[in-house]
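Going letter by letter, the sequence shown gives residues 43 to 189 in the working numbering.
Just so you know, even glycine gets a beta-carbon here, dropped at the ideal spot from N, CA and C.
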Amino acid sequence: MLVPRKMAVSPLESWLTLRYSMPRVEIINVHDKIGYKPETAGKHYDWPSTEELAEILDNETESNNGIVQCKNVLQIRRRKMNRHKYKKLLKRTKFLRRKLDDIRRKRRQRKFEKDLKRIWKRAGFREPPEGWQAPKIYLKQHRGKSE
């Protein structure tokens, strides 16, 4: 099987993964767990009932508490690289995203002020009361360093 160069795992990495991820002393014998005997391989197999399966699964989870299971290194590396790329993208587009957010806030504020104007015109006023200013609920209130 060919593995792309970027996704390949070095021999050292493979060895370390096996050494530190697989259980050391406890060798899990699957045949003993499910009750398989090689001499009865050609004969009819009795499937365990759902209660027996549930019991086996419960015993497995209890016995595996201290054992570290091996995970696919390629999946872990891919997830890690995707997370890294995403964070890098966020860092790179930080100010662009801030600018877009500001534009959207200004648009919402304009729409809000337009709705207020429509409301007081419908109420019979031609202009808002003197000295009245629309509340700035969508715009950020920037403060200087001295404040």
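Item                                                                                            : Value
S91 - DSSP class collapsed to helix/strand/coil                                                 : coil
Y128 versus N114: straight-line alpha-carbon distance, rounded                                  : 22 Å
Rounded separation between S52 and R146 - CA only                                               : 48 Å
Nearest candidate by alpha-carbon position, reference W174, set K159, T92, K182, E55            : K159
Sequence-distant residues of its chain with Cβ nearer than 7 Å to L54 (five each side left out) : none
Per-residue DSSP class, three states only, for K252                                             : Limits of the chain in this structure are 43 at one end and 189 at the other, which puts residue 252 out of reach.
CA nearest to the CA of I179, picked from E169, F154, W162                                      : F154
V115 CB to nearest heavy atom of the ligand NAP below 6 Å                                       : The model depicted lacks the ligand NAP and carries no ligand whatsoever.
Best match in K163, H126, A176, K130 for proximity to R150 [C-alpha to C-alpha]                 : A176
Burial state of L181, where buried means 16 or more other Cβ atoms lie within 10 Å              : exposed
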